[in-house]
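Residue numbers (my numbering): 1 to 505. C-beta atoms are modelled at their ideal positions from N, C-alpha and C, and glycine is treated no differently. Take a look at the structure below.
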Ligand SMILES: Nc1ncnc2c1ncn2[C@@H]1O[C@H](COP(=O)(O)OP(=O)(O)OP(=O)(O)O)[C@@H](O)[C@H]1O
Ligand SMILES: [Mg+2]
């Protein structure tokens, strides 16, 4: 790291109607520096980066970016092309790759006219190879991006930014979708790149990785910058207090006695398209008043299990029972009707309809109910009142319940889904990576709600890559590996870790 400043944000402010997303935020970034940008869900992190990248026009403030020689120049605002040309690259919270074309074309798309000539194509391939060699980032180049894993797609996004000669790279929650191992590799790659002079801003809710991998930390709260410090001088407690303005409450966990089975799977198999959605002869029972934690490295069949329980996958063998009733033909509708509430892994695609309002999304699984619909007409007042009550109770913040759901911040989308699931008091809750991307306060709230549901007699299947989360909430743990489930029979972190990796306990 040198003292050379490569980026200055000066007094940036942005409002969306009544929401003050950013209020007079100033930041600097040094060459080769890794800056972590922290803050609660909705604090304004993504908005700030979107102004830097030209997606949003600030209401006030300026941005300066250094040229390769180190001289700062004002950046024309509101123009992504200008940001790109100035060497700013951004990898969004939600990827934006074209699914059906391959990585090579995704990487070059937009920066080259069209790689129709074989010569151009070879030059592009050479440049990408060179970038991969220097950064350590690799991804298959010749298969459609839709078939790549999440981690590979992310590397394609980063390669795309580097291909455009980014000198400042912004990563919005890069590790939210990665396994712990993938996250470590990513940070190792980032270190390699910063040693060559790349400067990085990354957004994260994971304090452990922030403390391990950043040089400096900036904290936003309610759109304002409330603190900034060298990482070497920071600790979890200080940062957490800065983020939320108070200590986060610890979730109290009371003992519970399991009741009757609410979900039984007997020798169930699912034929998926890949390893991640395939199950082989799975047998499990979840009882009332019980949280069953499913630990495992992602891609080992968790999607298959989630699809099965939510009725999105039809088993090729075996038997499913909810309470006493055998579900002969599972579908999303029969599982909802049987009393299963689902917190999906991919909340943007499976959790909400982005173009519909927050209020409509809150009733989306019960549009047929008489209090929601009468004689084919939606009861707008009832939907609105329901939404206002839920937004209050579940602390869904943002531009109001009438706004399109896609305008909510990532964490607030999850709160919307929680509100929808919990208000129906389901018999069984399928919680798939429920705290991914959530700030500490919101994550604690999810835990509290799951325990509350358990207290009133629901069964919970908690699928998570975060072993600490499972250890903190589950009554019993099973490990998923290669599409098969085994009882962990222990609450020992190290032993479960070994089982996840495929070694006998
Ligand atoms: N285009 C928009 N229209 C209206 N409101 C918006 C828009 N974009 C963001 N907001 C609101 O601005 C606030 C800040 O959102 P932002 O996405 O920047 O938060 P964030 O810190 O990135 O949160 P998270 O950690 O949940 O991703 C939120 O209340 C959000 O709902
Ligand atoms: Mg965000």
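Could you name the residues of the same chain whose beta carbon sits closer than 8 Å to that of residue i, not counting the 5 residues immediately before and after it, in chain order?
i, result
"residue 221", "39, 40, 43, 242, 243, 244 and 245"
"residue 209", "175, 183 and 187"
"residue 1", "Bear in mind that the predicted position of residue 1 carries a pLDDT of just 44, short of 50, making it unreliable; the figure below should be weighed with that in mind. Here the set comprises 30, 31, 32, 33, 194 and 215."
"residue 421", "341, 342, 343 and 429"
"residue 329", "314"
"residue 68", "87 and 167"
Ordered along the chain, which non-local residues of its own chain (more than five positions away) have a Cβ less than 6 Å from that of residue i?
i, result
"residue 12", "22, 25, 51, 58 and 61"
"residue 492", "none"
"residue 293", "462, 470, 474 and 477"
"residue 224", "23"
"residue 563", "Only positions 1 to 505 of the chain appear in the structure, and residue 563 is not among them; the question remains open."
"residue 236", "207"
"residue 397", "42 and 412"
"residue 370", "none"
"residue 383", "359 and 363"
Kindly list the residues whose CB is nearer than 7 Å to the CB of residue i, restricted to its own chain and excluding five residues on each side of it in sequence; keep chain order.
i, result
"residue 76", "82"
"residue 206", "175"
"residue 16", "399"
"residue 3", "30"
"residue 239", "38, 207, 217 and 219"
"residue 347", "413, 414 and 417"
"residue 107", "128, 156, 159, 160 and 163"
Using beta-carbon positions only, say whether residue i and residue j come within less than 9 Å of one another.
i, j, result
"residue 401", "residue 355", "no"
"residue 311", "residue 335", "yes"
"residue 482", "residue 455", "no"
"residue 158", "residue 89", "yes"
"residue 411", "residue 391", "no"
"residue 134", "residue 192", "yes"
"residue 447", "residue 286", "no"
"residue 179", "residue 299", "yes"
"residue 480", "residue 296", "yes"
"residue 403", "residue 416", "no"
"residue 451", "residue 309", "no"
"residue 427", "residue 339", "yes"
"residue 418", "residue 449", "yes"
"residue 7", "residue 66", "yes"
"residue 152", "residue 212", "no"
"residue 48", "residue 35", "no"
"residue 395", "residue 465", "no"
With respect to 8 Å, is the separation between the Cβ of residue i and the closest non-hydrogen atom of ligand 4 below this value?
i, result
"residue 17", "The model on display carries ligand 1 and ligand 2 but not ligand 4."
According to DSSP, which residues form a beta bridge with residue i?
i, result
"residue 202", "36 and 171"
"residue 261", "287"
"residue 322", "263 and 325"
"residue 89", "169"
"residue 208", "Partner(s): none; residue 208 has no beta bridge."
"residue 74", "64"
"residue 440", "Its beta-bridge partners do not exist; DSSP assigns none."
"residue 228", "218"
"residue 5", "30"
"residue 333", "In the DSSP output, where bridge partners are listed per residue, residue 333 has none listed."
"residue 240", "Partner(s): none; residue 240 has no beta bridge."
"residue 10", "62"
"residue 432", "463"
"residue 295", "464 and 479"
"residue 50", "Paired residue(s): none; residue 50 is not in a bridge."
"residue 508", "The requested residue 508 is not part of the displayed model; the chain covers only 1 to 505."
"residue 317", "269"
"residue 102", "144"
Please tell me whether residue i has its Cβ less than 9 Å away from any Cβ of chain C.
i, result
"residue 458", "The question asks about chain C, but that chain is absent: this structure has only one protein chain."
Given 8 Å, three or more beta-carbon pairs between the segment 254-264 and the segment 219-236: No: fewer than three Cβ pairs fall under 8 Å.
Uninterrupted beta strand (DSSP E) stretches inside the segment 368-395 (no shorter than 3 residues): Note on the segment 368-395: there is no whole beta strand (DSSP E) run with a minimum of 3 residues.
Entirely enclosed beta strand (DSSP E) segments - the segment 14-45, minimum 3 residues: If we require 3 residues or more, the beta strand (DSSP E) runs fully inside the segment 14-45 come out as 19-30 and 34-39.
Any 3 or more C-beta pairs closer than 8 Å across the segment 268-281 and the segment 418-438: Under the Cβ criterion (8 Å, minimum of three pairs), the segment 268-281 does not count as touching the segment 418-438.
3 or more residues per run - each beta strand (DSSP E) lying fully within the segment 339-365: Complete beta strand (DSSP E) runs here, min 3: 340-343.
Ranges of the beta strand (DSSP E) found wholly within the segment 267-293, counting only runs of at least 3: Counting only runs of 3 or more, we get 279-287.
Complete runs of the alpha helix (DSSP H) confined to the segment 446-488 [at least 4 residues]: With a minimum length of 4 residues, the continuous alpha helix (DSSP H) runs that stay inside the segment 446-488 are 467-473.
Stretch pair the segment 319-330 + the segment 276-283: three plus CB contacts closer than 8 Å: No, they do not touch.
3 or more residues per run - each beta strand (DSSP E) lying fully within the segment 116-167: Annotation: the segment 116-167 contains no complete segment of the beta strand (DSSP E) (minimum length 3 residues).
Three CB pairs or more closer than 8 Å across the segment 157-173 and the segment 194-203: Yes: the two stretches touch, three or more of their Cβ pairs being nearer than 8 Å.
Cβ pair count under 8 Å reaching 3, the segment 132-148 against the segment 92-107: Flag = yes, the segment 132-148 and the segment 92-107 touch.
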